[in-house]
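When you line the sequence shown up against this note's numbering, it's residues 128 to 738, in that order.
A virtual CB, placed ideally from N, CA and C, is assigned to each residue, including glycine.
Here's the structure, in structure tokens; my notes come after.
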Amino acid sequence: IPWSGPIGAVRVGLVKEKNGAQDYLINPRITESQFSELDLVVTAIKDKVLMLEAGAAQIPEDKMLEAIEKAQEENKKIIDFIENFAAKIGQEKEKVEVDTKLKELILKLEKSYNTEIIDLIEKRVNKESNAGSEDLVEKIFQDTQIADSANSGIDKKLVAKAVEHILFKNIRENILTKGKRPDGRGVDDIRAISCQVSLLPRTHGSAIFQRGDTQALTVVTLGSPRLEQLIESPEGEESKRYIHHYSMPPYSVGETGRVGVPSRREIGHGALAEKALELVIPKQEKFPYTIRVVSEILSSNGSTSMASVCGSALALMDAGVPIEKPVAGIAMGMVTKDEKYKILTDILGLEDFSGDMDFKVAGTDSGITAMQLDVKILGLTLNQIKEVFEKAKKARLFILDKIKDAIPSPRTGVSEYAPKIEQITIPVEKIGEVIGPGGRVIKNIIAQTGAEVDVNDDGVITISGTSEESVNKALEWIAGITREITVGETFEAEVKRILPFGAFVEFLPGKEGMVHVSKMSSGFVKNPNDVVKIGQKVKVKVIEVDEQGRINLSMLLEDEQKQAPRGPIGKEPGEDHPLTRQFKREREGRFDRSRPFQGRQQNPRFRKTHY
């Protein structure tokens with residue numbers, strides 16, 4: 128196959144050593160990638176870069192360029208190996224015959240329709256569509272001269288290609304020779320920018336970012352941790368707490384069409400925007416919400432993915448998400464002819480179609496967070512990439528100022544319509560108490576409070592709900608279950624169960640202890656039901672916490688006046704009561720403890736009979 132290859136491709140990572148130095152990794156392992164601040168893929172021929180894709184933790188431009196250079200060194204080794212391998216095989220390249228029909232048609236149309244074709248620029252400059260082109264193609268095709276040539280293989284598709292070629296040729300020549308772009312801007316000019324936040328009152332965060340005729344509406348929705356997206360991957364099950372969806376409906380370019388399942392283009396643009404913001408999203412420990420961002424393109428005329436990045440930064444700050452820094456993105460273009468080239472800032476849709484490069488760069492004022500390069504030529508030199516980085520940074524800082532004018536920093540709190548979330552960390556050994564046998568305790572907490580409770584293996588418990596009341600109630604409940612109980616503490620408790628030997632009372636939400644019958648009253652209690660009833664509120668004091676964590680309580684509080692000994696509830700001990708006689712003997716000293724023990728006297732009624 129005749130082509131301009133071979134090509135090489137490598138992945139580059141960047142890690143910090145213990146001494147603070149940074150080290151580039153070529154094709155890092157999965158375990159190494161977890162600690163890398165950079166995930167860069169570079170595809171290239173020997174001396175030029177063909178494709179770039181990167182996600183980074185605000186890497187400065189000079190470091191990014193250095194990483195690309197490292198990748199190029201490795202790519203050359205790969206290309207040399209492939210070339211040597213191909214030389215050993217010795218396969219000859221096929222010869223391809225060039226079809227001259229298109230070239231001949233272009234020359235013919237330039238003579239007859241050049242003015243009409245150039246006029247299409249004004250019609251298409253403000254819309255990313257083929258406005259006016261279809262009518263002109265139909266007119267040319269119906270022309271007598273063209274119709275006579277129908278039998279020679281010229282059809283509408285070939286006419287459309289010829290018209291497009293002449294149109295793009297004119298645009299490119301104006302840029303290269305005059306520095307004039309289709310909409311009249313200079314090569315470094317950025318279209319007018321507008322930023323608005325809080326447009327949709329019931330959403331958790333919303334924003335519109337507009338750059339020229341490209342307009343993106345972004346909405347942020349906050350959810351509880353259990354709403355994380357679960358993904359089945361080759362490495363196993365994974366979860367995502369930050370999700371970015373991008374949608375570009377047909378009406379954004381003035382057309383009708385299919386609406387429904389996202390296209391590959393939409394999935395790719397959403398992934399790029401997600402990558403641009405991913406590393407400025409706060410960690411779950413700081414902001415436990417699940418975050419879903421949806422960017423819908425209302426109007427499209429170039430660089431919609433970068434518009435969604437800018438709109439997402441605005442909407443996230445509007446939602447109260449404490450992102451590390453705002454992020455902005457810009458799409459850079461290029462027009463070339465031989466050794467001459469011009470780099471374009473903030474390209475239109477028409478410049479994207481007619482140009483040689485689409486280089487998207489997103490980042491903060493500190494560095495790059497994501498980038499993506501596609502070219503229609505045989506690559507870019509390192510010097511050209513360096514120049515693109517410099518111009519992109521200048522444009523990015525300009526856009527960041529516009530974003531900060533609209534909303535200087537993230538709001539201090541989330542929307543009143545967002546779920547309320549609190550976190551508490553408990554000892555790992557207490558997790559079982561919160562969950563309970565078969566999940567009984569945690570299910571009861573959820574049912575009684577209406578809050579959602581998520582327990583992690585490290586002891587971090589996340590409580591979320593639609594109201595602060597339900598969240599606080601669940602939080603107090605769990606805090607009560609897991610707190611350390613000390614002897615001497617007093618509580619107001621509710622009687623839950625009554626048994627012959629005492630009663631179990633709940634003195635903290637989900638925390639029960641036992642009051643023995645002997646600790647219900649200072650007098651003799653024959654039946655606990657005579658003292659307490661189920662649901663009754665009683666004051667109790669902690670008198671013991673045993674080795675197994677069981678709590679014994681007493682209803683005899685130290686500050687209560689001690690009552691005289693008495694008999695069963697409802698009866699005063701009389702002179703003939705055994706308890707009265709016992710105390711009388713004690714007082715009079717008539718209880719003879721010195722009498723020797725003579726063995727247990729066997730009752731004749733229960734004498735054992737041996738057979």
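- Message: Does the segment 615-626 come into contact with the segment 652-664, if we say contact requires no fewer than three beta-carbon pairs (one atom in each stretch) closer than 8 angstroms?
- Response: yes
- Query: Exposed or buried, which one is residue 199 when buried takes at least 16 other CB atoms within 10 Å?
  - Reply: The residue labelled residue 199 in the question sits at position 72 within the sequence shown. With 16 or more Cβ atoms within 10 Å of its Cβ, residue 199 is classed as buried.
- Rounded straight-line distance, which links the Cα of residue 353 to that of residue 608: Position 481 of the sequence shown, counting from 1, holds the residue named residue 608. Position 226 of the sequence shown, counting from 1, holds the residue named residue 353. Distance between the alpha carbons of residue 608 and residue 353: 22 angstroms.
- Task: Determine the direct distance from the alpha carbon of residue 452 to that of residue 322, and round the result to whole angstroms.
- Result: What you label residue 322 is simply residue 195 of the sequence shown in a count that begins at 1. What you label residue 452 is simply residue 325 of the sequence shown in a count that begins at 1. Taking the straight line from one Cα to the other gives about 17 angstroms.
- Item | CA-to-CA distance, residue 502 to residue 517, given in whole angstroms | Stepping through the sequence shown from its first residue, residue 517 is reached at position 390. Stepping through the sequence shown from its first residue, residue 502 is reached at position 375. Going from the Cα of residue 517 to the Cα of residue 502 covers about 19 angstroms.
- Closest Cα partner of residue 311 within the set 397, 440, 249: For this step, residue 311 is matched to residue 184 along the sequence shown. Comparing Cα-Cα distances from residue 311 to each of 397, 440, 249, the minimum goes to 249.
- Task: Go through its chain and collect everything with a Cβ distance to residue 731's Cβ below 7 angstroms, but skip five positions before and after it.
- Result: If you number the sequence shown from 1, residue 731 lands on position 604. Because residue 731 sits at a pLDDT of 42, beneath the cut-off of 50, its placement in the model cannot be relied upon, and the point is left open.
- beta strand (DSSP E) runs wholly inside the segment 140-188, at least 3 long, in chain order: 149-153, 165-171, 176-186
- Keeping to the same chain, check which residues put their C-beta closer than 7 angstroms to that of residue 490; ignore five residues upstream and five downstream. If you number the sequence shown from 1, residue 490 lands on position 363. The residues are 185, 454, 496, 523.
- Task: Select from 554, 350, 548 the residue whose C-alpha is nearest the C-alpha of residue 595.
- Result: Stepping through the sequence shown from its first residue, residue 595 is reached at position 468. For residue 595, the nearest C-alpha among the options comes from 548.
- Message: Taking 7 angstroms as the threshold (C-beta atoms), are residue 327 and residue 335 in contact?
- Response: Translated into positions along the sequence shown, residue 335 becomes position 208. Translated into positions along the sequence shown, residue 327 becomes position 200. No, the Cβ-Cβ distance between residue 335 and residue 327 is not below 7 angstroms.
- Helix, strand or coil for residue 378 per DSSP? Locating residue 378 in the sequence shown gives position 251, counting from the first residue. In this structure, residue 378 counts as helix in the three-state DSSP scheme.
- Query: Expressed to the nearest angstrom, what Euclidean distance is found between the alpha-carbon atoms of residue 715 and residue 645?
  - Reply: For the purposes of this step, residue 715 is taken as residue 588 along the sequence shown, with counting starting at 1. For the purposes of this step, residue 645 is taken as residue 518 along the sequence shown, with counting starting at 1. Reliability fails at residue 715, whose pLDDT of 46 lies under 50, so the model's placement of it is uncertain and no value is given.
- Message: For a quick check, are the C-beta atoms of residue 303 and residue 175 less than 7 angstroms apart?
- Response: Here residue 303 refers to the residue found at position 176 of the sequence shown. Here residue 175 refers to the residue found at position 48 of the sequence shown. Cβ distance not < 7 angstroms, so residue 303 and residue 175 don't count as in contact.
- Query: Thinking just about the alpha-carbon of each residue, which of 578, 196, 570, 551 is nearest to the one in residue 584?
  - Reply: Looking up residue 584 in the sequence shown gives position 457. Residue 584 has its Cα closest to that of 551, out of 578, 196, 570, 551.
- Using a threshold of 7 angstroms, state whether the C-beta atoms of residue 420 and residue 347 are closer than that. Residue numbering aside, residue 420 sits at position 293 when the sequence shown is read from its first letter. Residue numbering aside, residue 347 sits at position 220 when the sequence shown is read from its first letter. Going by C-beta atoms, residue 420 is nearer than 7 angstroms to residue 347.
- Task: Below 7 angstroms CB to CB, which residues in the same chain sit around residue 400 once its five sequence neighbours on both sides are set aside?
- Result: For the purposes of this step, residue 400 is taken as residue 273 along the sequence shown, with counting starting at 1. So the list reads 371, 373, 422, 432, 435, 436, 439, once near-sequence residues are dropped.
- Message: Using 8 angstroms as the cut-off, can you tell me whether the segment 136-149 makes contact with the segment 162-173, which would need three or more C-beta pairs spanning the two stretches below that distance?
- Response: yes
- Query: How long is the line joining the alpha carbons of residue 541 and residue 500, rounded to whole angstroms?
  - Reply: Numbered from its first residue, the sequence shown carries residue 541 at position 414. Numbered from its first residue, the sequence shown carries residue 500 at position 373. Approximately 36 angstroms between the Cα atoms of the pair.
- Item | Sequence ranges, beta strand (DSSP E) only - wholly within the segment 422-501, length at least 3 | 455-464, 467-472, 484-490
- Query: residue 206 by DSSP, collapsed to three states: which one?
  - Reply: Translated into positions along the sequence shown, residue 206 becomes position 79. Note: residue 206 maps to helix in three-state DSSP.
- Message: Suppose the cutoff is 6 angstroms on Cβ atoms and the five residues either side in sequence are ignored; what does the same chain contact list for residue 342 look like?
- Response: To locate residue 342, count along the sequence shown from 1; it is residue 215. The answer, listed in chain order, is 425, 426.
- Message: Taking the straight line between their C-alpha atoms, what separation do you get for residue 251 and residue 486?
- Response: Reading the sequence shown from its first residue, position 124 is the one you call residue 251. Reading the sequence shown from its first residue, position 359 is the one you call residue 486. Using only the alpha carbons, I get a separation of about 22 angstroms.
- Query: In the structure shown, what three-state DSSP assignment does residue 214 receive?
  - Reply: If you number the sequence shown from 1, residue 214 lands on position 87. Of the three classes helix, strand and coil, the one that applies to residue 214 here is helix, per DSSP.
- Query: How many Å lie between residue 320 and residue 460 at the Cα?
  - Reply: For the purposes of this step, residue 320 is taken as residue 193 along the sequence shown, with counting starting at 1. For the purposes of this step, residue 460 is taken as residue 333 along the sequence shown, with counting starting at 1. Straight-line Cα distance between these residues: approximately 19 angstroms.
- Taking C-alpha atoms, which residue in 214, 579, 448, 643 lies nearest to residue 404? By 1-based counting over the sequence shown, the position of residue 404 is 277. Selected option, being the one with the closest Cα: 448.
- Residue from 418, 379, 563 with nearest C-alpha to residue 639: Residue numbering aside, residue 639 sits at position 512 when the sequence shown is read from its first letter. Comparing Cα-Cα distances from residue 639 to each of 418, 379, 563, the minimum goes to 563.
- Query: Secondary structure at residue 337, three-state DSSP: helix, strand or coil?
  - Reply: Taking the sequence shown and counting its residues from 1, the one referred to as residue 337 is at position 210. Looking at residue 337 - three-state DSSP - the assignment turns out to be strand.
- With DSSP as the reference, please indicate the residues paired to residue 373 in a beta bridge. Translated into positions along the sequence shown, residue 373 becomes position 246. The partner list for residue 373 (beta bridge, DSSP) reads 422.
- Task: Report all residues from its chain with a CB closer than 8 angstroms to the CB of residue 203; omit the five preceding and five following residues, and keep chain order.
- Result: Position 76 of the sequence shown, counted from the start, is the residue given in the question as residue 203. Correct list, in chain order: 135, 173.
- Item | Opening and closing residue of the beta strand (DSSP E) in which residue 552 lies | Taking the sequence shown and counting its residues from 1, one reaches residue 552 at position 425. It spans 547-552 - the beta strand (DSSP E) in which residue 552 sits, taken as one unbroken run.
- Item | alpha helix (DSSP H) segment containing residue 260, residue limits | Residue numbering aside, residue 260 sits at position 133 when the sequence shown is read from its first letter. Where residue 260 is concerned, the enclosing alpha helix (DSSP H) stretches over 260-269.
- Message: On a Cα-Cα basis, can you pick out the residue from 636, 597, 363 that is closest to residue 568?
- Response: For the purposes of this step, residue 568 is taken as residue 441 along the sequence shown, with counting starting at 1. Considering only alpha carbons, the answer is 636.
- Task: Evaluate contact between the segment 553-562 and the segment 381-388, counting only Cβ atoms and requiring at least three cross-stretch pairs below 8 angstroms.
- Result: no
- Message: In this structure, how does DSSP classify residue 654 when only helix, strand and coil are distinguished?
- Response: Counting from one through the sequence shown, the residue named residue 654 turns up at place 527. Coil at residue 654, not helix or strand.
- Query: How is residue 609 classed by DSSP in three states: helix, strand or coil?
  - Reply: The residue labelled residue 609 in the question sits at position 482 within the sequence shown. Residue 609 falls in the helix class under three-state DSSP.
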